[in-house]
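**Q**
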Amino acid sequence: MAFKLSEEQQELQRGFRDFVAGRFPLERAAEIADGKPDHALWGEVAQMGVFSLRLPESAGGLGLSYVDAALVFEELGRALVPGPTVWTHLATGLIDGAATGETVVTGLDLTTNLHTPYVLENLDAARAVLLLKDDGVFRLDPGSIEAMPVEIPLDPLTPVHHAATLPTGEKIGDAQTASSLSLLGSLLSSAMLLGIAQAASEMAIAYAKERVQFDRPIGSFQAIKHMLADTFVRQELARAAVYSAAGTLDHPEVGDAATAVAEAKLVAGESAMRCCRTSVQVHGGMGYTWEVPVHYFLKRTWVLETTFGTVDEHADRIAATFGG
Amino acid sequence: MYDAGWAGISWPKAFGGREASLVEQLIYYEEYARAKAPYVGVNFVGLLHGGPTLIVEGTDAQKEKHIPHILRGDQVWCQGFSEPSAGSDLASLRTRAERDGDHYVVNGQKIWTSFAQVADYCELLVRTDPDAPKHRGISWLIMPMDLPGIDVRPLPTLHGEGEFSEVFLDNVRIPVENLVGAENDGWRVTNVTLRFERGTAFAGEMYDLKRWLSEIAAEAQKVTSYGARAWDDAGLRREIGHLQADIDALWNLLKLSIGQADESGVPGVGASAVKLFFTELKQRIGDVAMRVLGRAVLGRSDMAGMPVQYFSYEALQSLSMTIAAGSSQIQRKIIGERILGLPKDK
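So, in structure tokens, the structure goes:
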């Protein structure tokens, strides 16, 4: 068994990274954050094949693996691409039009310990809402939910609504489907968190090389260097955990996919949080401003960390594998 | 092991080894640990430092005299690198070797030398040119441990066992033919082995962390305090789940970095990330193990059917791991400067 990405996967990663960086520079995200709607963006994401990439070629997809999907979502995370990309990807094959992005889908994973109020992302844009529950997958019409928009969302790129109750909706998948979608959603969120961890670290490293205090770049000081070394280690652990979990979904014979994905979500969530916080700290006073975009990464980390199971929830699930 | 051809897993076939790729070595270490096979112990320095160095840098005569015996385990080596004033800053070592005809006359002191009491040979770093910049005046010598003038004094570690020594060298005469590599080129020769140490050398011990954490969880399900099991504490369970995720991520990171290094043939600087995280993770696990033991931690030997000796030995031993083979602080410096490209700190 190979312990590294194949040539094709490395090529996919490089190619997609360049493409996304060209299409979605941070300035584009910053404009959306400042209230300027970007109507073209979702169509561009769909055209890249993000939602259909795992569908077989006979069904209009690219026939790619879970590892490939993880590599793609890592880049979406790194570039802060907004919108319910994970949910629309999950809905492919269950909801018509999701594969092409024409039907925008959001959702909630209620197999995890969500408490009320229910907080829904990107509801205004969505034409369908998926609920993952212990007894199956349910589809809701967004208009059927009594939801209130939240005036100021934490992540300026992720508008949210809140609702005290949710209608039952139409059952469109069994319990097994709900559980595998929860697993996939967790994997793709982990991959995005990995991309975020890396982007936030890279910003901090670049800044530490150019920012001069006491007549030398602050990156030459051990206090800064050691913080950045620790975030690098955390980020590489997240990479190992995410790729390994994706590989386990591709080859279920090599291990327990549910545990591997839980570990990936835990390690990637913690890694992104640490990398973002370190990045704010290394940027000093500028890191606390709206102008330096580190805060977007930190806030997106909260969006992803609180969905498909938190660090704590996954730690509890992993501990349960010890029995007792 | 030797008879079956498994002793020198990483060694070239020409020298009796398996010549396994790094990935194959990793599989070997995983299976070795899974079988609970004994630790390499006194043969560590010979198999993982001295031997590989001689294979790359030794003369034919040196190879013939040592390599087969190291592999068979009947020539024990120790490492004479560190000195009282040269730990992390190894290149500042002061043990002096002066040429006298066809011998070097060596004076100085080595410390933290593992297995010096039982070693037949020592891989000794000495200063041969005191006027050169510190990295350029060092030489690598093979020192037979039975020469006159060598005084080995045990230096018990904090867990009370004596695998460490101080080695005092008083006019020890080492034949010039025992020089490995060129005179004053010892720093480069040394780095050939240090890279090995930071690569696959800890793989077995990393694998052992999984077993240790399972034993800790099992013990936590047994011990009770005020009628409740330690395992009934949600905070402890959560911490153990967290540690399990970190152990598996570390193992996957090792596989990933080994897979990448396999192409180049030597473990790269990425090994620093693995070493840094592994050693600090082991200490975190040690903290939890000691907590699960409760007041039983006050024993160094077993009591009341609890695995006190196992847990406390590992927890105490883990304290050495963030210091030896490049301290955590040195690893962070290496990562910062060589991987992230940050400027040097002076």
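Same order as they appear, the protein sequences are chains A and B.
All the letters of the first sequence, read from the start, carry residue numbers 1 to 324 under the working numbering.
All the letters of the second sequence, read from the start, carry residue numbers 1001 to 1346 under the working numbering.
Even glycine gets a Cβ: it sits at the ideal position worked out from N, Cα and C.
As the structure is a computational prediction, the values presented were derived from the model and not from experiment.
1) On the three-state DSSP scale, how would you describe I172(A)?
2) Secondary structure at K1222(B), three-state DSSP: helix, strand or coil?
3) Considering only their Cβ atoms, is the gap separating P159(A) from D134(A) smaller than 8 Å?
4) Indicate whether I1174(B) and V1274(B) have their beta-carbon atoms separated by less than 8 Å.
5) R1153(B) by DSSP, collapsed to three states: which one?
6) How should S1085(B) be labelled, buried or exposed, when 16 other C-beta atoms within 10 angstroms of its C-beta is the threshold for buried?
7) Taking beta-carbon pairs under 8 Å, can you tell me which members of the stretch 1235-1247 of chain B lie near chain A?
8) Using the Cα positions of T85(A) and L304(A), report the straight-line distance between them to the nearest angstrom.
9) Can you say whether M1(A) is buried or exposed, counting buried as having 16 or more other CB atoms within 10 angstroms of its CB?
10) With the cut-off set at 8 Å, would you say Y1029(B) and G1204(B) are in Cβ contact?
11) Nearest to L1071(B) by alpha carbon, out of D1089(B), A1289(B) and G1050(B)?
12) Is the stretch 188-203 of chain A in contact with the stretch 251-267 of chain A, if contact means three or more CB pairs nearer than 8 Å?
13) In or out: N1043(B) buried (at least 16 other Cβ within 10 Å) or exposed?
14) Which residues, in order along the stretch 260-274 of chain A, keep a beta-carbon less than 7 Å from a beta-carbon of chain B?
15) According to the Cβ coordinates, are P293(A) and A79(A) closer than 8 Å?
16) Hey, could you find the ends of the beta strand (DSSP E) Y1121(B) is sitting in?
17) Helix or strand or just coil, what does DSSP make of P25(A)?
18) Rounded to the nearest angstrom, what separates L1281(B) and E1098(B) at their Cα positions?
19) Is DSSP giving S1114(B) helix, strand or coil here?
20) Please compile the residues from chain A whose C-beta is within a distance smaller than 9 Å of the C-beta of R1291(B).
21) Thinking C-beta only, is R1238(B) closer than 8 Å to W1231(B)?
22) Along the chain, which unbroken stretches of the beta strand (DSSP E) at least 3 residues long are found entirely within the stretch 138-188 of chain A?
23) Could you list the residues in the stretch 35-68 of chain A with a C-beta less than 8 Å from some C-beta on chain E, going in chain order?
24) Touching or not, the stretch 60-67 of chain A and the stretch 111-126 of chain A, by the rule of three or more beta carbon pairs under 8 Å?
25) Let me know the secondary structure DSSP gives Y1104(B) once reduced to three states.
26) Using a cut-off of 8 Å between C-beta atoms, extract the partners of Q213(A) located in chain B.
27) DSSP beta-bridge partners for Q213(A)?
28) For M1143(B), list the residues DSSP reports as bridge partners.
29) Going by the beta-carbon positions, is the gap between L1155(B) and I1138(B) smaller than 8 Å?
30) State the Cα-Cα distance for the pair S186(A) and A1245(B), rounded to the nearest angstrom.
31) For F214(A), count neighbouring Cβ atoms within 10 angstroms of its own Cβ and tell me buried if that reaches 16, exposed if not.
32) So with CB distances below 7 Å, who are the chain B contacts of D312(A)?
33) Between S279(A) and chain B, is there a C-beta pair that is closer than 8 Å?
34) Note down the Cα distance separating Y1313(B) from F1202(B), rounded to an integer number of angstroms.
35) May I have the straight-line CA-CA distance separating T106(A) from V1192(B), to the nearest angstrom?
36) Hey, does K225(A) have any beta-carbon neighbour from chain B nearer than 8 Å?
**A** Let's see:
1) strand
2) coil
3) no
4) no
5) strand
6) Looking at its Cβ environment, which holds fewer than 16 other Cβ atoms inside 10 Å, S1085(B) is exposed.
7) R1237, R1238, E1239, I1240, G1241, H1242, Q1244, A1245 and D1246
8) Answer to the nearest angstrom: the Cα atoms are 12 Å apart.
9) Note on M1(A): pLDDT 43, under 50, position unreliable in the model; the coordinate value appears next. That one is exposed.
10) yes
11) G1050(B)
12) yes
13) buried
14) Here the close residues are E263, L266 and V267.
15) no
16) Run containing Y1121(B): Y1121 to R1127, per the beta strand (DSSP E) assignment.
17) coil
18) 44 Å
19) strand
20) Here the premise fails: no neighbours, minimum Cβ distance about 15 Å.
21) no
22) 160-163 and 170-173
23) The structure shown has no chain E; the protein chains it does contain are A and B.
24) no
25) strand
26) Residues of chain B passing the Cβ test: none, with the nearest at roughly 13 Å.
27) R216(A)
28) C1122(B)
29) no
30) 15 Å
31) exposed
32) Per Cβ cutoff of 7 Å: R1238.
33) no
34) 17 Å
35) 55 Å
36) yes
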